[in-house]
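Report on the following structure.
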Amino acid sequence: MRYHHTFQHIAFLCLVLLVLTAAFTARSEEELKIIAGPYLHYPTQTTMTVGWETNLPATTEGGCGKKAADLAWISGKEGESFHTLVFEGLEPADNYFYQVRSVSGDGAKAESEVFTFQTAVAADAPFSFIVLSDTQSNPVNVAKQAALAYSQRPHFTLITGDLVSKGPEKALWNNHFFRNMHALATRVPLVPCLGNHDEDTPYYYSYFALPDPEYCYTFSYGNLDLFIVDSQRPLTPNSEQYAWLESALAASKSTWKIVALHKAAYSSDEDDYGDTVETRTMYGDIRLRALSGLYEKYGVDISWCGHIHSYERTHPMVQGKPVLEGGVVYMVTGGGGGGLEKAAPWRSPFTAKVYSGHHYCLVNVFGPTLRMEAYTPEGNLFDFVELKK
Ligand SMILES: [Fe+2]
Ligand SMILES: [Fe+2]
12 MRYHHTFQHI
22 AFLCLVLLVL
32 TAAFTARSEE
42 ELKIIAGPYL
52 HYPTQTTMTV
62 GWETNLPATT
72 EGGCGKKAAD
82 LAWISGKEGE
92 SFHTLVFEGL
102 EPADNYFYQV
112 RSVSGDGAKA
122 ESEVFTFQTA
132 VAADAPFSFI
142 VLSDTQSNPV
152 NVAKQAALAY
162 SQRPHFTLIT
172 GDLVSKGPEK
182 ALWNNHFFRN
192 MHALATRVPL
202 VPCLGNHDED
212 TPYYYSYFAL
222 PDPEYCYTFS
232 YGNLDLFIVD
242 SQRPLTPNSE
252 QYAWLESALA
262 ASKSTWKIVA
272 LHKAAYSSDE
282 DDYGDTVETR
292 TMYGDIRLRA
302 LSGLYEKYGV
312 DISWCGHIHS
322 YERTHPMVQG
332 KPVLEGGVVY
342 MVTGGGGGGL
352 EKAAPWRSPF
362 TAKVYSGHHY
372 CLVNVFGPTL
382 RMEAYTPEGN
392 LFDFVELKK
């Protein structure tokens with residue numbers, strides 16, 4: 012009996028050793044792979060930034076050129092799993108091919124397909140961009156919208172927050188965001204903004220290389236200046252971001268100015284600003300209305316938000332009231348993927364269009380004209396507006 016027990020112990024120990032060895036071997040033989048991207052971001056007239064992530068530490072190498080078969084290769088850091096490269100010395104408004112690859116210490120290589128990008132256009136040229144937000148939680152829909160958005164061949168994609176449903180869960184960035192945005196993000200640069208669900212995660216800062224401090228930054232394209240701020244951080248008149256935004260707006264000489272942030276100062280949502288089954292709505296995040304004075308003073312055309320998982324466009328507004336001339340348009344474009352929300356039962360005094368459903372927007376800018384179209388995932392146009400200077 013005693014002998015039998017000892018034998019059982021030895022057999023059990025052998026089994027544990029076998030499982031551990033197999034697990035270790037499988038891990039050390041894990042194949043080097045690209046698990047996010049490549050994805051483009053922060054385009055200028057002469058540079059393009061590309062990022063990607065590998066499952067294991069490896070080199071950072073990228074090739075770029077005017078012919079797919081003749082790419083000039085550059086290298087970045089070694090032994091990293093988050094990779095960023097900037098292709099420099101490019102020609103404005105030009106078309107390029109690119110490819111990325113990473114090599115690990117044991118010589119294993121992971122490389123992307125050859126993709127394409129365009130450098131930013133000159134200030135007087137027409138351009139087009141997508142606005143999509145709240146891509147969280149619904150990978151199938153995100154993939155569909157990314158493919159549709161890419162079919163419009165835009166110059167860049169503004170994404171106004173809640174890229175994922177829980178920022179600190181890295182698998183969501185890989186499996187929900189980058190995998191499903193692939194058709195668009197490999198060829199059209201992203202201009203991202205933080206949302207509450209992104210939780211200011213360090214992953215945001217690892218994936219994107221944006222001007223410091225990255226949670227707020229400016230981005231210029233053609234005759235448009237975009238000002239990105241983080242609505243999870245204070246935006247009251249004595250805050251750091253408010254002061255930053257004021258000086259950035261004061262310095263801007265662009266024809267068009269858009270401030271992008273996640274949360275909306277104006278919204279008809281039925282239960283985010285009071286529960287309209289029992290009480291009346293506050294019509295949006297009223298703390299953010301402190302920014303309206305800045306918008307009006309410096310001629311901001313549009314404040315573009317997400318957060319509410321539906322669509323809303325206000326009439327141009329001045330001091331909280333719709334106006335016939337000038338004013339600021341407040342957009343909510345939160346239909347990128349997350350569970351949908353509905354409007355309160357009463358039409359709000361600021362509403363020009365409200366709609367519940369997944370969607371993305373396409374904006375065409377040419378000189379003094381800005382045209383905005385909003386589409387369902389079925390490709391149906393459900394809103395249209397033209398702003399003129
Ligand atoms: Fe959201
Ligand atoms: Fe949100």
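My numbering puts the first residue of the sequence shown at 12, with every later residue one more than the last.
Just so it is clear, CB atoms sit at the ideal spot from N, CA and C, and this is done for glycine as well.
Small disclaimer: the values here were computed from a predicted structure and weren't measured.
1) Specify, as a first and last residue, the run of the alpha helix (DSSP H) that Gly304 falls within.
2) Using 10 angstroms around the beta-carbon of Lys399, count the other beta-carbons present and answer buried if the total reaches 16, otherwise exposed.
3) For Pro245 and Ala83, what's the separation of their Cα atoms in angstroms?
4) So, do the segment 44-53 and the segment 181-189 have three or more beta carbon pairs nearer to each other than 8 Å?
5) With a cut-off of 8 Å on the beta carbons, I'd call Gly347 and Tyr386 a contact; round off their distance for me.
6) With DSSP run on the structure shown, which of helix, strand or coil describes Lys400?
7) Just the C-alpha distance for Ser278 and Phe126, rounded to the nearest angstrom, thanks.
8) Return the bridge partner residues of Asp223 from the DSSP annotation.
9) Please report the distance separating the alpha-carbon of Thr36 from that of Val396.
10) Could you tell me if Gln330 is buried or exposed, where buried requires 16 or more neighbouring beta carbons within 10 angstroms of its beta carbon?
11) Let me know if Trp357 comes out buried or exposed under the rule of 16 or more other beta-carbons within 10 Å of its beta-carbon.
12) Comparing C-alpha positions only, which one of Thr197, Asp286, Ser321 and Thr325 sits nearest to Asp312?
13) Quick one: is the Cβ of His369 within less than 6 Å of any heavy atom of ligand 2?
14) With 16 as the cutoff for other CB atoms within 10 Å, does Thr290 come out buried or exposed?
15) Any idea if Ser162 is buried or exposed, counting beta-carbon neighbours within 10 angstroms, 16 or more meaning buried?
16) Output the boundary residues of the alpha helix (DSSP H) element that contains Leu9.
17) Buried or exposed: where does Leu237 fall if 16 or more other Cβ atoms within 10 Å of its Cβ makes it buried?
18) Could you have a look at Val151 and say whether DSSP puts it in helix, strand or coil?
19) Under a three-way DSSP split, which group does Pro137 fall into?
20) Around the Cβ of Met383, are there at least 16 other Cβ atoms within 10 angstroms (buried) or fewer (exposed)?
21) Would you call the CB atoms of His318 and Lys353 closer than 7 Å?
22) Could you check what DSSP says for Ser217 in three-state terms: helix, strand or coil?
23) Which parts of the segment 164-207 are runs of the beta strand (DSSP E), unbroken and 3 residues or longer, counting only runs that do not cross its ends?
24) Any residue with its C-beta under 5 Å from a non-hydrogen atom of ligand 1 counts. Can you list them all in chain order?
25) By the three-class DSSP mapping on this structure, what secondary structure does Arg298 have?
26) Pro137 to Thr58, Cα distance in whole Å?
27) Using the Cα positions of Tyr99 and Leu174, report the straight-line distance between them to the nearest angstrom.
28) Using only the alpha-carbon positions, how far apart do Tyr253 and Ala79 sit?
29) Measure the beta-carbon distance from Val374 to Val202 and round it to whole angstroms, keeping in mind my assumption that it falls under 8 Å.
30) Give a yes or no on contact between the segment 140-155 and the segment 104-113, applying the rule of three or more CB pairs nearer than 8 Å.
31) Thinking just about the alpha-carbon of each residue, which of Tyr53, Thr130 and Thr70 is nearest to the one in Lys77?
32) Look up Trp267 in the DSSP assignment and give the residues it is bridged to.
33) Quick one: using the 10 Å Cβ neighbour count with 16 as the cut-off for buried, is Asn249 buried or exposed?
34) In whole angstroms, what separates the C-alpha of Ser176 from that of Phe108?
35) Identify whether Leu335 lies in helix, strand or coil by the three-state DSSP scheme.
To lay it out plainly:
1) Your numbering for residue 304 matches position 293 in the sequence shown. Counting along the chain, the alpha helix (DSSP H) containing Gly304 begins and ends at Ala301 to Tyr309.
2) Sequence index remark: in the sequence shown, residue 399 carries index 388 (1-based). So Lys399 counts as exposed.
3) Against the sequence shown, residue 245 aligns to sequence position 234. Against the sequence shown, residue 83 aligns to sequence position 72. Going from the Cα of Pro245 to the Cα of Ala83 covers about 44 Å.
4) yes
5) Taking the first residue of the sequence shown as 1, we reach residue 347 at position 336. Taking the first residue of the sequence shown as 1, we reach residue 386 at position 375. 12 Å between Cβ atoms; not a contact.
6) Taking the sequence shown and counting its residues from 1, the one referred to as residue 400 is at position 389. In the structure shown, Lys400 sits in coil (DSSP, three-state: anything other than H, G, I, E or B).
7) Reading the sequence shown from its first residue, position 267 is the one you call residue 278. Reading the sequence shown from its first residue, position 115 is the one you call residue 126. The alpha-carbon atoms of Ser278 and Phe126 are separated by roughly 39 Å.
8) One-based indexing of the sequence shown puts residue 223 at position 212. DSSP lists no partner for Asp223.
9) Your numbering for residue 36 matches position 25 in the sequence shown. Your numbering for residue 396 matches position 385 in the sequence shown. Model confidence at Thr36 stands at a pLDDT of 49, short of 50, so the residue's coordinates are unreliable; what they give is reported in the following sentence. Approximately 59 Å between the Cα atoms of the pair.
10) Indexing the sequence shown from 1 puts residue 330 at position 319. The residue in question, Gln330, is exposed, as its Cβ has fewer than 16 Cβ neighbours within 10 Å.
11) Residue mapping note: residue 357 aligns to position 346 of the sequence shown, counting from 1. Exposed is the call here.
12) Here the question's residue 312 lines up with position 301 in the sequence shown. Per the Cα distances, Thr325.
13) Along the sequence shown, read from residue 1 onward, the residue named residue 369 stands at position 358. His369 Cβ: outside cutoff for every heavy atom of ligand 2.
14) In the sequence shown, the residue the question calls residue 290 occupies position 279. It is exposed - the Cβ of Thr290 has fewer than 16 other Cβ atoms within 10 Å.
15) Mapped onto the sequence shown, residue 162 falls at position 151. Exposed: under 16 other Cβ atoms inside 10 Å.
16) Residue 9 falls outside the range modelled here, since the chain spans only 12 to 400, and no answer is possible.
17) Walking along the sequence shown from the start, residue 237 turns up at place 226. Result: buried.
18) By 1-based counting over the sequence shown, the position of residue 151 is 140. In this structure, Val151 counts as helix in the three-state DSSP scheme.
19) Mapped onto the sequence shown, residue 137 falls at position 126. Pro137: coil per DSSP, three-state reduction.
20) Position 372 of the sequence shown, counted from the first residue, corresponds to residue 383. Flag for Met383 reads buried.
21) Walking along the sequence shown from the start, residue 318 turns up at place 307. Walking along the sequence shown from the start, residue 353 turns up at place 342. Not closer than 7 Å, so no.
22) Taking the first residue of the sequence shown as 1, we reach residue 217 at position 206. Residue state, collapsed to three classes: helix.
23) 167-170 and 201-203
24) Asp145, Asp173 and Gly349
25) In the sequence shown, residue 298 corresponds to position 287, counting from 1. Looking at Arg298 - three-state DSSP - the assignment turns out to be helix.
26) Sequence index remark: in the sequence shown, residue 137 carries index 126 (1-based). Sequence index remark: in the sequence shown, residue 58 carries index 47 (1-based). Distance between the alpha carbons of Pro137 and Thr58: 19 Å.
27) Sequence index remark: in the sequence shown, residue 99 carries index 88 (1-based). Sequence index remark: in the sequence shown, residue 174 carries index 163 (1-based). For clarity, residue 99 is Glu in the given sequence; the question names Tyr instead. So the two alpha carbons sit approximately 28 Å from each other.
28) Position 242 of the sequence shown, counting from 1, holds the residue named residue 253. Position 68 of the sequence shown, counting from 1, holds the residue named residue 79. Cα-Cα distance, rounded: 45 Å.
29) On the sequence shown, position 363 is the one that residue 374 refers to. On the sequence shown, position 191 is the one that residue 202 refers to. Contact doesn't hold; Cβ gap of about 12 Å is too wide.
30) no
31) Residue numbering aside, residue 77 sits at position 66 when the sequence shown is read from its first letter. Of the candidates Tyr53, Thr130 and Thr70, the one whose C-alpha sits nearest the C-alpha of Lys77 is Thr130.
32) Taking the sequence shown and counting its residues from 1, the one referred to as residue 267 is at position 256. According to DSSP, Trp267 bridges with Leu235.
33) Residue 249 sits at position 238 when you count from the first residue of the sequence shown. Flag for Asn249 reads exposed.
34) As a working mapping, residue 176 is identified with position 165 in the sequence shown. As a working mapping, residue 108 is identified with position 97 in the sequence shown. Going by the C-alpha atoms only, they are around 33 Å apart.
35) The residue given as residue 335 occupies position 324 in the sequence shown. The answer is coil: DSSP assigns Leu335 none of H, G, I, E or B.
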